[in-house]
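Below is one structure, written out as structure tokens; the observations come after it.
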Amino acid sequence: MLFLTLVACVAAAVCIYALVRLKRQERQHQALINVLRNEIRAMTNGSIGMGKRLMAIERKLNITVEKQQELENRDPGVLAYNQAAKLMEMGASVDDLVRNCGIGRPEAELMALLHRELHSSEMLPEQRH
3 MLFLTLVACV
13 AAAVCIYALV
23 RLKRQERQHQ
33 ALINVLRNEI
43 RAMTNGSIGM
53 GKRLMAIERK
63 LNITVEKQQE
73 LENRDPGVLA
83 YNQAAKLMEM
93 GASVDDLVRN
103 CGIGRPEAEL
113 MALLHRELHS
123 SEMLPEQRH
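So the sequence shown is residues 3 to 131, counted in the numbering used here.
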């Protein structure tokens, strides 16, 4: 009977030791879970803040682009040069640019020269192949 009591006491001690150890591990795991939860919360808040900042920058950029378009459309000189560039792409001559775009002959000749230079530099890499 004494042997059974001793075995029961040892078994109870082992069970208590295992229970204490299990509780300690549970507290450690819970602490780790809390740390990870806080880190995830901080990263999420940072991502949300960054997303809001990016959206604000995108809105400002869109407004800036719209204003730039408006300014370009208001300036008749820019319109004339844009039209001249388009005509040059379609093969218009210097005289055509002077007549149709309202720009001076020197500007038209300069645009024609620039167009030829750009066109020839684009053709060179293609000719190498």
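Even glycine gets a Cβ: it sits at the ideal position worked out from N, Cα and C. The structure presented is a predicted model; accordingly, all values stated were derived computationally and were not measured.
Please confirm whether residue 83 and residue 59 have their CB atoms less than 9 Å apart. Locating residue 83 in the sequence shown gives position 81, where the first residue counts as 1. Locating residue 59 in the sequence shown gives position 57, where the first residue counts as 1. For residue 83 and residue 59, no; Cβs fall outside 9 Å.
Assuming residue 86 and residue 45 make a contact with CB atoms under 8 Å, what is their CB distance in whole Å? Locating residue 86 in the sequence shown gives position 84, where the first residue counts as 1. Locating residue 45 in the sequence shown gives position 43, where the first residue counts as 1. That pair is no contact at about 53 Å.
Inter-residue spacing [alpha-carbon to alpha-carbon] between residue 21 and residue 47: Residue numbering aside, residue 21 sits at position 19 when the sequence shown is read from its first letter. Residue numbering aside, residue 47 sits at position 45 when the sequence shown is read from its first letter. Spanning the two alpha carbons is a distance of roughly 39 Å.
Cα separation between residue 7 and residue 24? Stepping through the sequence shown from its first residue, residue 7 is reached at position 5. Stepping through the sequence shown from its first residue, residue 24 is reached at position 22. Each residue's Cα considered, the two are about 25 Å apart.
Is residue 96 buried or exposed, if buried means 16 or more other CB atoms sit within 10 Å of its CB? The residue given as residue 96 occupies position 94 in the sequence shown. With 16 or more other Cβ atoms within 10 Å, it is buried.
Taking C-beta to C-beta, are residue 99 and residue 89 nearer than 9 Å? As a working note, residue 99 is residue 97 in the sequence shown. As a working note, residue 89 is residue 87 in the sequence shown. Their beta carbons are under 9 Å apart, which means residue 99 touches residue 89 by this criterion.
Quick check on residue 103: buried or exposed, where buried means 16 or more other Cβ atoms within 10 Å of its Cβ? Locating residue 103 in the sequence shown gives position 101, counting from the first residue. Result: buried.
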